[in-house]
Amino acid sequence: MRNAVPRTIEITKVSTSKIGEVDFKNLNFGKIFTDHMFVCDYVNGEWQTPKIVPYGPLTLDPSARVFHYGQAVFEGMKAYKDDQGNTFLFRPDENFRRINKSAERLAMPEFPESYFFEGLHTLLKLDDEWTKSGFGNSLYIRPFVIATQPSVSASEADEYRFMIICSPAQSYYSGDVNVLVAEKFSRSASGGFGYAKAAGNYAGQFYPTKLAKEKGYQQIIWTDAETHEYMEEAGTMNVFFRVNDTLLTAPTSDRILDGITRKSLIALAEKQGINVDVRPVKVDEIVEAAKNGSLKEIFGAGTAAVVSPIKSFGYKGKNYEIEKQENSYASHFKNALMNIQYNKAEDPFGWRVKV
Ligand SMILES: *Cc1c(COP(=O)(O)O)cnc(C)c1O
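The numbering of the sequence shown is this note's numbering, which starts it at 32 and goes up by one.
Spelled out as C-alpha cells, the structure:
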C-alpha cells in the first residue's frame, strides 16, 4: 500500500471546547459532534497529509460527484469508557476492512491502515472527555469517504475526502418494534452493493420505510429481491430468529451486510453452546413457527442499538405477535456483548482495543 508509513497528522485545536454547553443527560442521537474531526484528501492518486481540525462545515464545489452520483461510503463504530476512565474500541479492524471493501465496490481508492488507526486514536485521545463512562454511554464514530472531484461527468471521481466525525451517544430504548415483511420493495439485489455500507443503500430504504410507518410499523424486514420468500435484514440491522432454542440468521452474501454485531453474536452463542443455524430463512417457516408457538424471539443486531427486540411482524395483511420471553436471548446477548465492550467481563475473543 502506498503511503503505508503515516505522515505526521497536522493538528489544529479549537481555541475553546464546546463540551460545557452539552447536556449529556439529554442527547439526541447523532445531533451533537465533538470539538474535532479527522480529514484526509485524495488528490493526484495519493492520500495527502492527514489533518485534525475543529469540527465544522465543508466547502465543496456544487458539482462534486458525491452530490450527483452518490459515490459515498461510511462506517459506524463506537468508543466505550469503563469506570476507571479507560476508553475502548470494539473490533475496529473489522470496520477498517469493511470501509475499504465498501470503497472498492464503489470504485473508490483504498484508505491506508496506518492513517485510519493513527487518525482514529489521535482524534479519540484529543476528544477523550466526550466519551462518558457508564453502561450505555458511548461515543458514536462515523468514518466516511465522499467523491469531491468537481465535474458532473458520470464516472468515478479521482478526488476524494476521507473523514471521521464523532457524536456522544446514550443508550436508548425505543421499545420493542413492529416490523413489516417486504413483499414488493427490496433493499438490495444480487450483483448489487447491498453488502457495502454505501450511502445510496440507505437513501433507497427511506421511502418503503416511510410507507411502512404510515401503516404503524417502525421498520421493514427486507426479503430477497427475486422471490421475497427469504428474510434478509431488519431495517439497517442484521436479523435473528429464535425458533425453540435455536437461533436462525441468513448467511451473508452480496445482498446482506456482514455486520460485526451479527458475527459477534454468532461467536458468543457458539461459545455458550447455543445452537445457531446460519442458512436462508424462509418467510413461510417463520410464519408457521409464529402460528405453532415455536417462534420465541426476533431481534435486530447492529452497533447503534446492539440488539433490538421485535414484538410483532406483519405479512400478507396479517399481524403475528411474539410473546415476551422471560430471560430472552436478546437481553442475554445484549448484556454479554456490552459487558465485553465496557470492560466488565473477560474478553476471550480479544475484541476490545484500548485507545
Ligand atoms: C451497518 C449495518 C448493519 C450492522 O452492522 P454492524 O457492524 O453490526 O454495526 C447491518 N445491516 C446494514 C444494512 C448495515 O448498514
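Quick reminder that beta carbons are idealized off the backbone N, C-alpha and C, glycines included.
This structure is a prediction, so every number in the text was calculated from the model and none was measured.
- Under the rule that a run must span 3 or more residues, the beta strand (DSSP E) segments found entirely inside the segment 289-327 read 307-309.
- By the neighbour-count criterion, in which 16 or more other beta carbons inside 10 Å mark a residue as buried, V74 falls on the exposed side.
- In terms of side-chain proximity, the C-beta atom of L288 is found nearer than 7 angstroms to a non-hydrogen atom of ligand 1.
- Distances between the C-beta of K228 and the heavy atoms of ligand 1 include at least one below 7 angstroms.
- DSSP places Q236 inside the alpha helix (DSSP H), whose first and last residues are A230 to E245.
- In this structure the segment 142-155 touches the segment 37-52; the number of beta carbon pairs closer than 8 angstroms is three or more.
- Assignment of L58 by DSSP, reduced to helix, strand and coil, places it in the coil class.
- In the same chain as K82, and ignoring 5 residues on each side of it, the C-beta atoms closer than 8 angstroms to its own belong to I40, E41, I42, T43, F69, V70 and C71, in chain order.
- Here A95 has A178, T179, Q180 and P181 as same chain residues with Cβ atoms under 7 angstroms from its own Cβ, once five neighbours each way along the sequence are excluded.
- Distances taken from the Cβ of R293 to the heavy atoms of ligand 1 include one shorter than 7 angstroms.
- Fully contained in the segment 194-218 are the following beta strand (DSSP E) runs of length 3 or more, in chain order: 208-212.
- Taking 3 residues as the minimum length, the beta strand (DSSP E) runs contained wholly in the segment 245-271 are 250-254 and 261-265, in order along the chain.
- For L278, the enclosing beta strand (DSSP E) covers residues T277 to T280.
- At the C-beta level, T292 and A332 come within 8 angstroms of one another.
- In this structure K327 is buried. Its beta-carbon is surrounded by 16 or more other beta-carbon atoms within 10 angstroms.
- Here A229 is near L137, since their CB atoms are less than 8 angstroms apart.
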